[in-house]
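Residue numbers (our numbering), protein chains in the order written: chain A, 2 to 380; chain B, 2 to 311; chain C, 331 to 586; chain D, 108 to 344; chain E, 4 to 298. All C-beta atoms in this analysis are idealised placements derived from N, C-alpha and C, irrespective of residue type, glycine included.
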Amino acid sequence: EGISDDKVKIGVLADMGGTYADVCGKGCVAAVEMAIADFGGKVLDKPIEVVSADDQNKPDVGSAVVREWLDKDKVDAIGGIVASSVGLAAAKVANEAKKPLLISTAGSPAFTTKQCSPYNAHWAYDVVALANGTVKPLVAAGKKKWFFITADYEFGHALEKVSAGVIEKNGGEVVGSVKVPLGTTDYSSYILQAQSSGADAVALANAGKDFVNSLKGASEFGLNKQATMVGLLVFSSDVQALDPALIADMRLTTGFFSEMDDKTKEWSQRFKEKFGKTPTMGQAGAYSATLHYLNAVKEAGTDDGDAVMAKMKATKPDDFFARNAELRADGRMVHDMYQVRVKKADERANDDDIFALEQTLAGNEVYLPMDAACDFSKK
Amino acid sequence: MEFIKSNKFNIILIALALVIPFGVYPVFLMKVLCFGLFAAAFNLMLGFVGMLSFGHAAFLATGGYVTGYLMSNADLTPELGILCGTLASAVLGYLFGSLSVKREGIYFAMVTLALSQLLFFFFLQAPFTEGENGLQGIPRGKLFGFIDLNNNLSMYYFVLAVFLLGFWLIYRSVHSPFGQVLKAIRENEPRAISLGYSVRQYKLMAFVLSAALSGLAGSTKALVFQLESLTDAHWQMSGEVVLMTLVGGMGTIFGPLVGAAVVVGIENFFSGGELGTYIHIIMGLIFIICVLAFRNGIVGEFNKFVKNNF
Amino acid sequence: MSEQIILETRNLTKGFKGFTAVDNVNLKIQRGQIHALIGPNGAGKTTVFNLLTKYLTPSSGQILFKGQDITALEASAIAQLGLVRSFQISAVFPRLTVLENVRIALQRKEGNSFQFWKSDKVLERLNPRAEALLADVGLLDFAQATTLDLPYGRKRALELATTLALDPEMLLLDEPTQGMGHEDVAVVAALIKKVSAERTILMVEHNLHVVSQLADRITVLQRGAVLTEGDYATVSADPRVKEAYLGVAADEEVAA
Amino acid sequence: MKAQGNEKLRVSDLHAFYGESHILHGIDLHVNQGELVTLLGRNGSGRSTTLKAIMNMVGRRSGSININGTETMGLAAHRIAHLGIGFCPEERGIFSSLNVEENLLLPPAVRSDGMSLDEIYQMFPNLYERRTSQGTRLSGGEQQMLALARILRTGANILLLDEITEGLAPVIVKKLGEVLIQLKRKNLTILLVEQNFHFAAPIADRHYVMEHGRIVEEVQQAELSAKTELLNTLLGV
Amino acid sequence: MDTILGINPVALFGQLLVGLINGSFYALLSLGLAIIFGLLRIINFAQGALYMIGAFLAWLGLEYWGLSYGWALLIVPLVVGLFGILIERFLIRPIAHEDHLYSLLLTFGVALVLQGVFSHVFGSSGKPYSIPEFLQGVANLGFMYLPIYRGWIIVVSLLVCFGTWWAIEKTKLGAYLRAGTENARLLQAFGINVPLMVTLTFGFGVALAGLAGVLAAPIYSVSPDMGANLLIVVFAIVVIGGMGSIGGAIITGISMGVIEGLTKYFYPEASNTIIFMVMVVVLLIKPAGLFGKEV
Ligand SMILES: Nc1ncnc2c1ncn2[C@@H]1O[C@H](COP(=O)(O)OP(=O)(O)OP(=O)(O)O)[C@@H](O)[C@H]1O
Ligand SMILES: Nc1ncnc2c1ncn2[C@@H]1O[C@H](COP(=O)(O)OP(=O)(O)OP(=O)(O)O)[C@@H](O)[C@H]1O
Ligand SMILES: [Mg+2]
Ligand SMILES: [Mg+2]
């Protein structure tokens, strides 16, 4: 079979200038380029190329770009992928064309459940892992009454549902929840409701700016003194957007942080030299996924989607990012996750030093078990 | 022979449209055609009735969502799906129009904007739209039950046919007895009333027509991309269609199409790679430049140039 | 008898926030006459007009046109019944041609005005009638000119032609000669005379010269109420009218 | 007294344009102190435009306009009124967002000896009666009175009046005639655009006749009867 | 917890108060729009972007130039106002005589550019800005804890709103403004420097947005798109109040805040749309808005 069109072309689709630009964006492009350079720049003697596009966080833009890449530009695999909505739309197109989709930053569990496909490789994390990783230890530590402030769209609903399940399974109770429209800037009413619910933990089932604004509101009204605030999806960039006093000591879950150990530090250092900024979980994941993909192409001797995916699933990924890892038949990359605590201002050695490791969580404890319907090894 | 002579220009254009997909990426062309139709429908209100609607995204999205939902869930043929989307937009146009045509100028713009925003939040929260994710994987289906549209080329010709139909309808209504009344209303509304014309009904009719054709564009677009998302309902989309019309030349027949081609082309150019963050700045600058220096738009200026020099 | 009355108001009243602009006005306009409404400034003439054509809603009272109660009808519906108003300012469609202006008025009765799927070529069959109307007001030579470029007096003539195109049974004219030079006043007055055949006309006019020439009957309003009514000789001889409206030496004005 | 004797307003070779269209083609006129001069002419002959051009309210102008000894060609529009000139526009320009009294008080006083509010209300009792209603709710004639009264209050001693008898009942027209004569006695300078020749003829000192944006004739009060024939052909009186 | 008919009065009072706070904020923003609309008959689409710039300047001031909150409150509106004056002078004035729709489109373009530039330079994630120390803390009102800063917002907004309203409706300057709206040419012929007045008023309307931005910085996330979505809600408020009505904008702003607060309590899912729904109802009954004049 060999390499189609005599080159391997990887498309990186990400939000380059919008809400999630800092989480993946151009950094993901840099990470993919770095992986290619580390791999040697060529596979099976054929050049490896990167194209990238801005999806503006819009599913329509993302899917149109992917369509054009596949129809016209002969792209062989697609990486990046930030907003789940864009990712799922891109997946529809890529799956139909049987091209691998290396999802580094999107969080929806749908990629390996409702909308699973043999061509998805869901890499860095998903919201289920975050909820499990964050909520379970807190319930165990005595936080029994929970209130949810939930972003009113599918992502938020899913996050709440998964987390509520974990709470109830572990003997806690959900005493109330409120659905907040996306992009709300003023959370005072919702904070008041949380306050009058008597909860001892308030979970923020939202992300990005919604997370930042709701946390600000909570501290303004003193909710953070009455109850423990729990961020269910928190990126390092969100932490940096907040006054350290507001978020210090919050416990949360992540798949990667740069100051963890020597291996992550070494890679982060190199990334920083190339790109100028400290890598995020998504960017590290993009590197890891690309490297694994290229290895699989080499071993399969072709860039044909089916063959490469089979090889990727047959070999265990192993690098500074993917530890104790495997790419399951359903496309889920299961690996160690970390429960961390946000450091106080005076604990931080530098701007990047924001997390302290509390606990390493084994992948199979936090990720959902494989959905039988998505077990493509059996088909 | 007479027909060929008087329609020379149009015939050349159509011939060009028939061969161009062999040179240019058809999905891009289809996007231009869909937005061209959308802008032309919008221009029916702005250019020919003189009313700036700042909420036309509502109709684009309604067409798209209805068609998308029916195609995914009701197993319709594409032409029926599109018809339903168009009808839904017409009904919505009737509702919005009844509320808004009482007002004029900027007031009208604001009211349409607010109404479409209401609809945006409805689409955001209603279950059948799949919220942020949008309707994905909408099947293109088989035209009349036997022409498979999954092939981009056959889809292109179908879109071209829809476009020509819509475009012809707009041309026709501008140059019809109805269009003549619209012109009179734009020129002197109180006088039109005193001549016995119930002006609101005419405006409403034009609004419904414009909404239906916008819906047609939205429905077709949903099939082309097999996806319908909130982008189409967002107020920025309403702004974008204004931009297309303005760039191309409001009140001209071909302006909206040219404007759509320019704007879609620019967007495509900037969405690739590193330039993405400049897109809003560029769009904004085009707006400013058009308003300050080229109020007639490309086609408008061209017409003026031809008139002055030949 | 009532057959003769084409338009009638019964106790027509309009108040604005505690101020009564039109006060229990009972008008009876005879079919086929030219009826003038005069009175001092602020007497309520324009308000009466606005009530008749539904630009204002009466506070109380009734309006009957051809025996039918039209108090609750919409402005455009009243025009469709044949009661048409022309404007104080010249009301034309400036960027249409003179011919098109008239055609717009003719077109309404065609019943094709909502037909957006037909070519506007169907309107061409209205051209002969439009041209005839233009000839009546002496504008035939300007048929293809853009209305914008017409001098003021011609615009008024065009407006009249447009109004006549509706073939109204009754015309309401609000100060038809206002702002016109002497020449044009004479032209328009002659025109009004000409079109008044087979039509009823109600007009507001300050130019007594015109009123005395044209009006068969005159109603004088003052402070919203009818002061007196009659033909020119009777009305102008009334001392109350002299005092409130004409000023003492009215006769020279008319004689001029 | 200025060098030019008692000349208050002099317009020389005035051209004015609305956009592309050239409306005034070199107007020359002057008005002396205490004089009442009329501009006569057919509709569209450019009389209103002349007044507006003096007030710098038209698009483009050239030539020279001298008010009270000051050349105003380069002056911004708002500076002109302060030379002591008041303008009553043809379309009246009553402000609907102000009530009658606010409308009256709106133009800033440009000199100290304007009429007081009381004097004005005495002259136009209609206005007093309706002083708290919205300006544009007045009847056409009442608005005309308001527009005139408004500039009498400012104390301007050069008045540009455009068709002030338009739409007024004969009684009021008579009264206005008296007012103008009074103003003349007070030594005010008045340039009057008038359609109603019978109103203007007895009170004016001189007449300019305009046609197609040019002054075609100047008639002294004394020559009126001699030039009736001419006026007839020019104006259709 | 005590409840009456399933309603918890304590929580309800809390929501009402919060609504009042938001309402005064809305009032401030819609006031700026209403003034500019009132005078120039243009819808200033850039108002949201200028609000955003106000917040950003406060943040930049604190972060890089050591400008404290108190000074920001004074200086930032001036700077934003000045910027607005430049916009008016060089962009809007050249097309002032064209159809007003063009100026709407122009300011729409300006808004896009400003927002684009800020997100290009500063990225799109929010910037932190803390509540100034002297306004930190909460006051216990018995039924709820009122953050002092929120109380401060109410006071500042209401003072500014009513001061402005008074100046426009009750003073001679206000009469000039209202007259200038209708017939600027004539007003100028009466001897009033209308171009200057227009420029200053535009600057003032824009400065109000800058002020709102500074007030918002400590409680909302400072980010390039913070103005865009808020702006449309504020448009709706101006439409409900009756465009061009200054008092209408203020009263409607406050009441919409309260209504929104109630919605958040009774049916939070509708809180984003309630204002638009109110708008539809109002337009059905009074097409010119609650305080607008019928044309
Ligand atoms: N909308 C309104 N609100 C309040 N008062 C009004 C309104 N319209 C008219 N008026 C008042 O009603 C009275 C009658 O006005 P109208 O315009 O009918 O007078 P008119 O007889 O036409 O006078 P003119 O000859 O001056 O045109 C006037 O005093 C006027 O101020
Ligand atoms: N704003 C304008 N734009 C373009 N042309 C105008 C404008 N105003 C007036 N004109 C034209 O300028 C010419 C002179 O108009 P002007 O108003 O000065 O005439 P006038 O002598 O005052 O007559 P009238 O009796 O109509 O008031 C006319 O031909 C008119 O059509
Ligand atoms: Mg009147
Ligand atoms: Mg004139």
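Worksheet item: Can you give the Cα-Cα distance for C:M331 and C:R361, rounded to whole angstroms?
Response: Working through the third sequence from its first residue, we reach residue 331 of chain C at position 1. Working through the third sequence from its first residue, we reach residue 361 of chain C at position 31. With a pLDDT of 42 at C:M331, under the threshold of 50, the predicted position of this residue should be treated as unreliable, though the coordinate-derived value follows. Straight-line Cα distance between these residues: approximately 11 angstroms.
Practice prompt. With C:F346 as the anchor, note down where its beta strand (DSSP E) starts and where it stops.
Written response: The residue given as residue 346 of chain C occupies position 16 in the third sequence. From DSSP, the beta strand (DSSP E) with C:F346 extends over I335 to F346.
Practice prompt. With a 10 Å radius around its C-beta and 16 neighbouring C-beta atoms as the bar for buried, classify D:L338 as buried or exposed.
Written response: On the fourth sequence, residue 338 of chain D is found 231 positions in, with the first residue counted as 1. With 16 or more Cβ atoms within 10 Å of its Cβ, D:L338 is classed as buried.
Fill in: alpha helix (DSSP H) runs contained entirely in the stretch 150 to 207 of chain A, provided each spans 4 or more residues
155 to 170 and 189 to 198
Item to complete: Please work out which residues of its chain come closer than 6 angstroms, Cβ to Cβ, to A:L71, disregarding the five sequence neighbours upstream and downstream, and give them in chain order.
Response: Residue numbering aside, residue 71 of chain A sits at position 70 when the first sequence is read from its first letter. Excluding sequence neighbours, A:L71 sits near A98.
Item to complete: Just the C-alpha distance for D:F358 and D:L283, rounded to the nearest angstrom, thanks.
Response: Nothing about residue 358 of chain D can be read from this structure; chain D reaches only from 108 to 344.
Worksheet item: Heavy atom of ligand 1 less than 7 angstroms from the Cβ of C:N375, yes or no?
Response: Position 45 of the third sequence, counted from the first residue, corresponds to residue 375 of chain C. Checking the displayed sequence, the identity of residue 375 of chain C turns out to be Lys instead of Asn. Within the cutoff, so yes.
Worksheet item: Beta-carbon separation of E:L23 and E:I257 under 8 angstroms?
Response: Residue 23 of chain E sits at position 20 when you count from the first residue of the fifth sequence. Residue 257 of chain E sits at position 254 when you count from the first residue of the fifth sequence. The answer is yes: Cβ separation under 8 angstroms.
Worksheet item: Which term fits E:E172, buried or exposed, when burial requires 16 or more other beta carbons within 10 angstroms of its beta carbon?
Response: Mapped onto the fifth sequence, residue 172 of chain E falls at position 169. Exposed, since its Cβ has fewer than 16 Cβ neighbours within 10 Å.
Worksheet item: Can you round the beta-carbon distance between A:V13 and A:G81 to whole angstroms, since I take them to be within the 8 angstroms contact cut?
Response: Numbered from its first residue, the first sequence carries residue 13 of chain A at position 12. Numbered from its first residue, the first sequence carries residue 81 of chain A at position 80. So it is a contact: roughly 4 angstroms between Cβ atoms.
Worksheet item: Within the 8 angstroms Cβ cut-off, does A:L14 reach chain E?
Response: In the first sequence, counting from the first residue as 1, residue 14 of chain A sits at position 13. With 8 angstroms as the cut-off, A:L14 does not count as an interface residue toward chain E.
Worksheet item: Listed from N- to C-terminal order along the chain, which residues in the stretch 139 to 154 of chain D have their beta-carbon within a distance smaller than 7 angstroms of any beta-carbon of chain C?
Response: R149, N150 and G151
Item to complete: Name all residues in chain order for which at least one heavy atom of ligand 2 lies closer than 6 angstroms to the residue's CB.
Response: C:Y482, C:G509, D:Y125, D:S128, D:I130, D:G148, D:N150, D:G151, D:S152, D:G153, D:R154, D:S155, D:T156 and D:E197
Worksheet entry | Backbone CA spacing between D:Q111 and D:E301 [nearest angstrom] | Mapped onto the fourth sequence, residue 111 of chain D falls at position 4. Mapped onto the fourth sequence, residue 301 of chain D falls at position 194. Because D:Q111 carries a pLDDT of 46, less than 50, the predicted location of this residue cannot be relied on, and no value is offered for it.
Worksheet item: Can you tell me whether DSSP reads C:E583 as helix, strand or coil?
Response: Residue mapping note: residue 583 of chain C aligns to position 253 of the third sequence, counting from 1. Its pLDDT being 46, under 50, C:E583 is placed unreliably by the model, and nothing is read from it.
Practice prompt. Note the first and the last residue of the continuous beta strand (DSSP E) segment covering A:P48.
Written response: By one-based count along the first sequence, residue 48 of chain A stands at place 47. It spans K47 to D55 - the beta strand (DSSP E) in which A:P48 sits, taken as one unbroken run.
Worksheet entry | Neighbour list for E:E272 in chain F, Cβ cutoff strictly below 7 angstroms | No chain F is part of this structure, whose protein chains are labelled A, B, C, D and E.
Worksheet item: Any chance the stretch 535 to 550 of chain C sits against the stretch 493 to 509 of chain C, with 3 or more Cβ pairs inside 8 angstroms?
Response: yes
Fill in: Three-state secondary structure (DSSP) of C:P506
Position 176 of the third sequence, counted from the start, is the residue given in the question as residue 506 of chain C. In the structure shown, C:P506 sits in coil (DSSP, three-state: anything other than H, G, I, E or B).
Fill in: Element boundaries [beta strand (DSSP E), containing C:M533]
Indexing the third sequence from 1 puts residue 533 of chain C at position 203. Where C:M533 is concerned, the enclosing beta strand (DSSP E) stretches over T530 to V534.
Worksheet item: Across which residues does DSSP place C:L490 in a beta bridge pair?
Response: Here residue 490 of chain C refers to the residue found at position 160 when the third sequence is read from its first residue. Paired residues: none, contrary to the question.
Fill in: Run of the beta strand (DSSP E) containing D:S119, from where it starts to where it stops
If you number the fourth sequence from 1, residue 119 of chain D lands on position 12. D:S119 -> beta strand (DSSP E) spans E114 to Y125.
Worksheet item: From B:V300 to B:T253, what distance separates their C-alpha atoms?
Response: Taking the first residue of the second sequence as position 1, residue 300 of chain B is located at position 299. Taking the first residue of the second sequence as position 1, residue 253 of chain B is located at position 252. Approximately 7 angstroms, taken between the alpha carbons.
Worksheet item: CB of C:A351 to nearest heavy atom of ligand 1: below 7 angstroms?
Response: Within the third sequence, residue 351 of chain C is the residue found at index 21, counting from 1. It does: the Cβ of C:A351 is within 7 angstroms (strictly closer) of some heavy atom of ligand 1.
Discussion item. Once DSSP output is grouped into helix, strand and coil, what is the label at C:S332?
Written reply: Locating residue 332 of chain C in the third sequence gives position 2, counting from the first residue. In this prediction, C:S332 scores a pLDDT of 46, lower than 50, which makes its location untrustworthy; the coordinate-derived value is nonetheless stated afterwards. The answer is helix: DSSP assigns C:S332 an H, G or I state.
Worksheet item: Along chain D, in chain order, which residues have C-beta atoms closer than 8 angstroms to that of C:E489?
Response: As a working note, residue 489 of chain C is residue 159 in the third sequence. Going along chain D, no residue has its Cβ under 8 angstroms from C:E489, so there is no contact; the nearest lies around 14 angstroms.
Practice prompt. Tell me where the alpha helix (DSSP H) around A:P138 begins and ends.
Written response: For this step, residue 138 of chain A is matched to residue 137 along the first sequence. Looking at the DSSP string, the run of the alpha helix (DSSP H) that includes A:P138 is V128 to A141.
Worksheet item: If you draw a straight line from the C-alpha of B:A162 to the C-alpha of A:L45, how long is it?
Response: Counted from its first residue, the second sequence places residue 162 of chain B at position 161. Counted from its first residue, the first sequence places residue 45 of chain A at position 44. The straight-line gap from Cα to Cα measures roughly 47 angstroms.
Worksheet item: Using DSSP with H/G/I as helix, E/B as strand and the rest coil, what is E:P227?
Response: Reading the fifth sequence from its first residue, position 224 is the one you call residue 227 of chain E. Note: E:P227 maps to coil in three-state DSSP.
Discussion item. So that I know if they touch, is there some Cβ in chain D lying closer than 8 angstroms to that of C:P370?
Written reply: Taking the third sequence and counting its residues from 1, one reaches residue 370 of chain C at position 40. So yes, C:P370 belongs to the interface.
Discussion item. Are there any heavy atoms of ligand 1 lying less than 7 angstroms away from the beta-carbon of C:N371, as far as the coordinates show?
Written reply: Taking the first residue of the third sequence as 1, we reach residue 371 of chain C at position 41. For ligand 1, at least one heavy atom lies less than 7 angstroms from the Cβ of C:N371.
Practice prompt. Just list the alpha helix (DSSP H) runs in the stretch 28 to 113 of chain B, keeping only unbroken ones of 4 residues or longer that don't cross its boundaries, in chain order.
Written response: 58 to 74 and 79 to 101
Worksheet item: Does the pairing of the stretch 496 to 506 of chain C with the stretch 516 to 534 of chain C give three or more beta-carbon distances under 8 angstroms?
Response: yes
Discussion item. Using CA atoms only, rank isn't needed, just tell me which of C:R433, C:A373 and C:Q392 is closest to C:L494.
Written reply: Translated into positions along the third sequence, residue 494 of chain C becomes position 164. Considering only alpha carbons, the answer is C:R433.
Worksheet item: Going along the chain, which unbroken runs of the alpha helix (DSSP H) with 4 or more residues stay wholly within the stretch 265 to 306 of chain A?
Response: 282 to 301
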